[in-house]
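In UniProt numbering, the protein residues as written are 1 to 145. Where a beta carbon is used, it is the ideal one built from N, C-alpha and C, also for glycine. Owing to the predicted nature of the structure, the values given are computational and were not obtained by experimental measurement.
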Amino acid sequence: MSATAGQAADGVRSLADRFGIEPGMVVMEMGYDDDVDQDLRDALTDRCGELVDEDTDEVVDAVLLWYRDGDGDLFEMLVETLSPLADNGVVWLLTPKAGRDGHVEPSEISESAPTAGLQQTSTVNAGKDWSGARLVLRRGAKAKK
Numbered sequence: 001m002s003a004t005a006g007q008a009a010d011g012v013r014s015l016a017d018r019f020g021i022e023p024g025m026v027v028m029e030m031g032y033d034d035d036v037d038q039d040l041r042d043a044l045t046d047r048c049g050e051l052v053d054e055d056t057d058e059v060v061d062a063v064l065l066w067y068r069d070g071d072g073d074l075f076e077m078l079v080e081t082l083s084p085l086a087d088n089g090v091v092w093l094l095t096p097k098a099g100r101d102g103h104v105e106p107s108e109i110s111e112s113a114p115t116a117g118l119q120q121t122s123t124v125n126a127g128k129d130w131s132g133a134r135l136v137l138r139r140g141a142k143a144k145k
């Protein structure tokens, strides 16, 4: 029985499970700062190895984008995630929860993601202070590459 199957049998899913991160995946991280959720980072690196930064030349399976209100233009940052992203890759937009410094209004995400060629499919609790929005490429969004 795999660790994942064991965790599911116990009714407990790890953070890496919730994010769909598997061993061998290449995961890029953008927007890192000292306020990120270290438990989440540790869970993901335990599962897939070191996270690569935005200067990578690799095709990535997932992008973790830590984004706070005031970090710049969300649309532009989302567009930056697309270049290294595999066609079936996922962008996890991590934003501070309501009431926390840097909270991002959901309307900003719902306006910026589709314009960047992404659609939101779900949200997860990404830690004590962070929420994660799962964004995937809209059909045909990368064809213009």
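### Message
To the nearest angstrom, how far is the alpha carbon of V59 from that of R18?
### Response
Going from the Cα of V59 to the Cα of R18 covers about 22 Å.
### Query
Which one of Q119, G89, S112 has the shortest CA to CA distance from M25?
G89
### Query
Which partner residues of P96 appear in the DSSP bridge assignment?
W130
### Query
Going by other Cβ atoms of all chains shown within 10 Å of its Cβ, with 16 needed for buried, is R139 buried or exposed?
Looking at its Cβ environment, which holds fewer than 16 other Cβ atoms inside 10 Å, R139 is exposed.
### Close beta carbons around T56, own chain, < 7 Å, minus the five adjacent residues each side
M28, P84
### Task
Flag this pair as yes or no: are the beta carbons of residue 174 and S112 separated by less than 9 Å?
Residue 174 lies beyond the range of the chain shown here (1 to 145); nothing can be said about it.
#### Entry: Unbroken alpha helix (DSSP H) run spanning E80, endpoints
74 to 82
### Residue from E80, E50, W92, D37 with nearest C-alpha to L64
W92
### Query
Roughly how many angstroms lie between the CA atoms of T133 and E108, to the nearest whole one?
The question names Thr, but residue 133 is Ala in the sequence shown. Each residue's alpha carbon lies about 12 Å from the other.
### Query
Given a threshold of 16 other Cβ atoms within 10 Å of its Cβ, counted over all protein chains shown, does A9 qualify as buried or as exposed?
Because the pLDDT at A9 is just 39, under 50, the model does not fix this residue reliably, and the point stays unresolved.
### Query
With distances taken between CB atoms, is the gap from residue 147 to G127 smaller than 9 Å?
Past the edges of the chain, shown from 1 to 145, lies residue 147, and the structure says nothing about it.
#### Entry: DSSP state of D10 mapped onto helix, strand, coil
Confidence is the limiting factor: at D10 the pLDDT is only 41, short of 50, which leaves the residue's position unreliable, though a coordinate-based value still follows. Of the three classes helix, strand and coil, the one that applies to D10 here is coil, per DSSP.
### Task
Output the distance between the C-alpha atoms of L40 and N125, rounded to the nearest integer angstrom.
If you take the alpha carbons of L40 and N125, they lie about 10 Å apart.
### Query
Quick one: is S131 buried, meaning 16 or more other Cβ sit within 10 Å of its Cβ, or exposed?
Answer is buried; the Cβ neighbour count reaches 16.
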